[in-house]
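S.K.:
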Amino acid sequence: MFNITFYLRRLHSLVGLFMGAFLMVHIGNNSAVLLGPDMMNMVIGTMDKMPMFIRLPIELGLIAAPFGFHALYGVYIALQARNNPIRYGYLQNWQFTLQRWTAWYLLVFLIWHVYYLAIHTRITGIHLCFEFLQSYLSNPVYWVLYVLGMWAAIFHFTNGINTFCMTWGIAKGPRIQMVINMACMGLCGALCLETLALMLVYILPIF
Amino acid sequence: MALQKTVTFIIERQDSPTGKPYTQEFELPWRPALNVVAALMEIQKNPVTKDGKRVAPVVWECNCLEKVCGACMMVINGKAQQACCALVDKLKQPIHLAPARTFPVIRDLLIDRTVMFENLKRIQGWINVDGTWEVRIPPRQNPNTAATAYEISHCMTCGCCLEACPNVGPQSDFIGPSPIAQAYMYNINPLGEYDKANRLNALMAKGGITSCGNSGNCVKACPKGIKLTTYLAQINRDVNIQALKNIFDH
Ligand code: HEM
Ligand code: SF4
Ligand code: SF4
Ligand code: FES
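One line per chain: the protein sequences are A and B, in this order.
With the first letter of the first sequence counted as 1, position 62 gets the number 78 in our numbering; the numbers rise by one all the way through.
With the first letter of the second sequence counted as 1, position 53 gets the number 1191 in our numbering; the numbers rise by one all the way through.
1) Counting beta carbon pairs with one atom in the region 121–130 of chain A and one in the region 167–179 of chain A, are three or more of them shorter than 8 Å?
2) Using a Cβ-Cβ cutoff of 9 Å, what residues of the region 184–211 of chain A are near chain B? List them in chain order.
3) Could you tell me whether the region 1309–1320 of chain B touches the region 1243–1258 of chain B, using the rule of 3 or more Cβ pairs below 8 Å?
4) Look up Met1294/B in the DSSP assignment and say whether it is helix, strand or coil.
5) Nearest to Cys1296/B by alpha carbon, out of Tyr1369/B, Val1267/B, Ala1218/B and Tyr1288/B?
6) Under 8 Å: do the region 1289–1305 of chain B and the region 1334–1345 of chain B share three or more Cβ pairs, one atom per stretch?
7) Hey, would you say Ala48/A sits closer than 7 Å to Met35/A, going by beta carbons?
8) I'd like the list of long-range same chain contacts for Ala94/A, defined as Cβ closer than 6 Å, with 5 residues on each side in sequence excluded.
9) In chain order, which continuous runs of the alpha helix (DSSP H) of length 4 or greater are located wholly inside the region 82–160 of chain A?
10) So, at 8 Å on beta carbons, what are the nonlocal neighbours of Pro1237/B in its own chain, with the 5 sequence-adjacent residues on each side left out?
11) Please classify Leu1202/B as buried or exposed, where buried requires at least 16 neighbouring CB atoms within 10 angstroms.
12) Which residues, in order along the region 113–133 of chain A, keep a beta-carbon less than 7 Å from a beta-carbon of chain B?
13) For Leu1248/B, verify whether its CB is less than 6 Å away from any heavy atom of ligand 4.
14) Measuring only from the beta carbon, is Lys1362/B closer than 6 Å to any heavy atom that is part of ligand 3?
15) Looking at C-alpha atoms only, which residue of Gln108/A, Ile102/A, Tyr131/A and Asn155/A is the closest neighbour of Asn197/A?
16) To the nearest angstrom, report how far apart Leu212/A and Leu203/A are at their CA atoms.
17) To the nearest angstrom, report how far apart Ile1181/B and Glu1165/B are at their CA atoms.
18) Could you check if Ser1353/B belongs to the surroundings of ligand 2, using beta carbon to heavy atom distance under 6 Å?
19) What residues in the region 81–95 of chain A bring their beta carbon closer than 8 Å to a beta carbon of chain B?
20) Roughly how many angstroms separate the alpha carbons of Met182/A and Leu27/A, rounded to a whole number?
21) Would you say the beta carbon of Ser1291/B is closer than 6 Å to some non-hydrogen atom of ligand 3?
22) For a contact meaning CB atoms closer than 9 Å, what does Thr174/A contact in chain B?
23) Near Pro1277/B, what residues of its chain come up, given a Cβ to Cβ distance below 6 Å and the 5 sequence neighbours on each side ignored?
24) Who does Pro1167/B pair with in a DSSP beta bridge?
25) Since Ala1371/B meets chain A, which of its residues come closer than 7 Å, beta carbon to beta carbon?
26) Run through chain B and tell me which residues come within less than 7 Å of Ala97/A, C-beta to C-beta.
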């Protein structure tokens, strides 16, 4: 009676959306840099004020655990597909393929990103601030990999909202599916431009 | 003598289920309204490759020759379609023919689609009318759902949708879109409705509807124009409700 596959798959979908909510907060915080380095440092400072016994459980329970589940089960799902966008070059099939390609990139990128900026800096006592990030991102390879990482996450999430509406049977007919798809891709484009702008602050002498 | 117009086919062949695939090129005279099955018949009559080698005739399957039996599905220029209604004039030359490798290949273009029948059994693709009870006048069809059921009933288990689906194949246990649409058809039938919960539970199991990743290929590939993605979304709704029932009814 209880089909474990069904609940796991629906949980994977919900967790994806939840991680997307975190992604939006994360992008929101990062956008402080658009108002200047001081604003960015203030935002990082406020987060640093949070005591570790509160911050660590949140990071482990609300970020690491959902991520671990979504990533592991996501790998299992991605391995079930033989992407065929060359033979069937329809828009939605390209999105399906990109959903999987971005997933693979994110898997590697997020481990690197979290390890270096959240774990390594804490162990070695590096103080995170605008100036540190600026010197870190002055390496053009890192900068490009970070922009790609953000774009991958944004596409994966916004396209995820789109497929979420199909997976849960919210959007049934072709017209509403197309409307939601276009809205999600619009959001994707807007967020990509936004993150590009904030990443440019680190390498251009704007402030 | 005027130069005769010809058609070139590049056919992916395989001598046995485990044989290594290879390709052969055939050239035959063009004629008006030539389709792929008719061309394959010509090759069967005279199985000589373009470079003059006499070879074993190409094996493929067909029956109705009018897009109702489903038997002649193969991959033509990269896309799964019915060979009997694939007009040569509408295809880019040379025309590539390949077996639908989502299914086990028996020989050349001949595939084994037994799995589609097994999947129909799995989702209980039938209506229980026989039993120890008295057979009465059947209940009336709802004219609104009957139109939908009629559309889905056109399915000829050709397998185009399975071949196009990135999630169906040897790498996965996904039953594919067509049995899911069939389950919906039986679910909206006034008699079939009684077994709706059984069908939905079967679809919630491993390899059922949850294996769909919303690529949308199936609806584009279906030669019968069945609105597969719409019914997939509908079944997704129905299984959500069924899941709640499973939790709160027991
Ligand atoms: C920034 C991190 C991530 C976010 C915000 C995110 C979000 C989402 C969302 C919202 C969905 C849609 C679920 C649905 O269609 O119902 C999804 C699907 C998916 N995610 Fe992620 N995800 C992330 C990282 C990953 C990673 C690291 C992997 C695997 C390596 C992954 C693999 C997948 C796969 C394969 C799907 C498709 C599932 C399906 O089509 O059913 N995701 N993700
Ligand atoms: S929408 Fe689902 S069933 Fe249809 S082709 Fe895509 S993955 Fe397969
Ligand atoms: S749903 Fe369409 S493509 Fe799929 S088997 Fe039936 S007729 Fe063929
Ligand atoms: S021969 Fe029946 S569908 Fe082509």
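The beta carbon of each residue, even a glycine, is placed where N, CA and C say it ideally should be.
M.R.: Taking the structure as given:
1) Yes: at least three Cβ pairs fall under 8 Å.
2) Look at the region 184–211 of chain A: the residues with a C-beta under 9 Å from a C-beta of chain B are Trp184, Gly185, Ile186, Ala187, Lys188, Gly189, Pro190 and Gln193.
3) The region 1309–1320 of chain B is in contact with the region 1243–1258 of chain B.
4) Met1294/B falls in the coil class under three-state DSSP.
5) Of the listed residues, the one whose Cα sits closest to Cys1296/B is Ala1218/B.
6) No, because fewer than three Cβ pairs between the region 1289–1305 of chain B and the region 1334–1345 of chain B fall closer than 8 Å, the two stretches do not touch.
7) When the beta-carbon positions are compared, Ala48/A and Met35/A stay at least 7 Å from each other.
8) Excluding sequence neighbours, Ala94/A sits near Arg116 and Ala119.
9) As far as the region 82–160 of chain A is concerned, its whole alpha helix (DSSP H) runs of at least 4 residues are 107–130, 137–140 and 146–152.
10) Contacts found: Glu1150, Gln1152, Met1212, Val1213, Val1243, Asp1246, Leu1247, Leu1248 and Ile1249.
11) Correcting the residue identity first, residue 1202/B is Cys in this sequence and not Leu. By the neighbour-count criterion, in which 16 or more other beta carbons inside 10 Å mark a residue as buried, Cys1202/B falls on the exposed side.
12) With the criterion set as a beta carbon lying under 7 Å from some beta carbon of chain B, the region 113–133 of chain A has no members that meet it.
13) In this structure, the C-beta of Leu1248/B stays at least 6 Å away from each heavy atom of ligand 4.
14) Lys1362/B: yes, Cβ under 6 Å from ligand 3.
15) The shortest C-alpha separation from Asn197/A is found at Gln108/A.
16) Whole-angstrom Cα-Cα distance: 14 Å.
17) Taking C-alpha positions only, Ile1181/B is separated from Glu1165/B by approximately 9 Å.
18) Result yes, Cβ under 6 Å from ligand 2.
19) Those would be Ile93 and Leu95, in chain order.
20) If I take the Cα positions, the gap works out to 15 Å.
21) Short note on Ser1291/B: C-beta not closer than 6 Å to any heavy atom of ligand 3.
22) Residues of chain B with a Cβ closer than 9 Å to the Cβ of Thr174/A do not exist; the shortest Cβ-Cβ separation is about 14 Å.
23) In its chain, beyond the 5 residues on either side, Pro1328 have a beta carbon closer than 6 Å to the beta carbon of Pro1277/B.
24) Under DSSP, the beta-bridge partners assigned to Pro1167/B are Thr1144/B.
25) For a Cβ distance threshold of 7 Å, residue set Met182, Gly185, Ala187 and Lys188 of chain A lies close to Ala1371/B, ordered along the chain.
26) Within chain B, the residues near Ala97/A are Pro1304, Asn1305 and Gly1351.
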